[in-house]
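Here the structure is laid out as structure tokens; the discussion comes afterwards.
Right under this line is the structure:
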């Protein structure tokens with residue numbers, strides 16, 4: 048996985064920053080940056096207009112992750128090699144979360 052993450056900047060450049068590739072790269076970067084501690088509590092959904100939407104289980108996780116938002120944006124863009132993610136929106140959706148885990 049680490050080797051794949053390191054290729055994200057080159058893949059983005061080679062694609063000409065195609066929206067579909069940027070979205071897939073941002074989602075992969077989130078999963079890597081979030082690590083094992085967050086993967087069961089926050090699921091990346093999509094990237095639109097530089098906003099990464101992430102599903103969370105409840106308001107507690109939404110508030111906790113909101114406070115880490117700036118740090119996560121920095122980490123994501125560092126992994127991507129360019130400012131692909133400008134904002135993160137944490138959406139409370141316990142049903143969607145359950146669907147994504149199965």
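Numbering (the numbering used here), first residue to last: 48 to 149.
Here a beta-carbon is modelled for each residue, glycine too, at the ideal position from N, C-alpha and C.
Quantities reported herein were computed from a predicted structural model and do not represent experimental measurements.
Element boundaries [beta strand (DSSP E), containing residue 91]: 89 to 95
Short Cβ contact (8 Å threshold) for residue 90 with residue 101: yes
Member of 138, 128 and 137 whose CA lies at the smallest distance from the CA of residue 52: 128
Alpha-carbon spacing of residue 76 relative to residue 108, whole angstroms: So the two alpha carbons sit approximately 20 Å from each other.
Nearest-angstrom Cα separation, counted from residue 133 out to residue 97: 5 Å
With 16 other Cβ atoms within 10 Å as the buried cut-off, status of residue 120: Under this definition residue 120 is a buried residue.
Which of helix, strand or coil DSSP assigns to residue 139: Here residue 139 sits in strand by DSSP.
Distance, residue 65 Cα to residue 115 Cα: 28 Å
Coarse secondary structure for residue 69, derived from DSSP in three states: helix
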